[in-house]
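Here the structure comes first, spelled out in structure tokens, and everything after it is commentary.
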């Protein structure tokens, strides 16, 4: 990751990008399993429409062609927020 003082650093390789996307998937599952209806409604409105379009390849890697800008930004932001 980039050690700049300001700004959200982009992932440097495919592995980091897949890691960030898996963080979003894990966070999504945690929110769904929380039982908090407001949290569930929010994640279903904001995250699910973009997350459902993300597909996996036959070797179980994430197909980066199916990742749109919204879910990519959320994934990178989530990783960045854990680092600060």
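In UniProt numbering, the protein residues as written are 1 to 84.
By construction, the Cβ of each residue, glycine as well, lies at the ideal position given by its N, Cα and C atoms.
All values reported here derive from a predicted model rather than from experimental measurement.
For residue i, name the three-state secondary structure that DSSP assigns.
| i | result |
| --- | --- |
| residue 53 | coil |
| residue 44 | helix |
| residue 71 | helix |
| residue 12 | coil |
| residue 22 | helix |
| residue 32 | helix |
How many whole angstroms separate the CB atoms of residue i and residue j, which I take to be in contact at a CB cut-off of 8 Å?
| i | j | result |
| --- | --- | --- |
| residue 39 | residue 71 | Rounded, the Cβ-Cβ distance is 18 Å, inconsistent with contact. |
| residue 42 | residue 53 | Actually they are not in contact, since the Cβ atoms of residue 42 and residue 53 sit about 19 Å apart, beyond 8 Å. |
Who pairs with residue i in a beta bridge, going by DSSP?
| i | result |
| --- | --- |
| residue 62 | 56 |
According to the Cβ coordinates, are residue i and residue j closer than 8 Å?
| i | j | result |
| --- | --- | --- |
| residue 11 | residue 20 | yes |
| residue 16 | residue 61 | no |
| residue 66 | residue 55 | yes |
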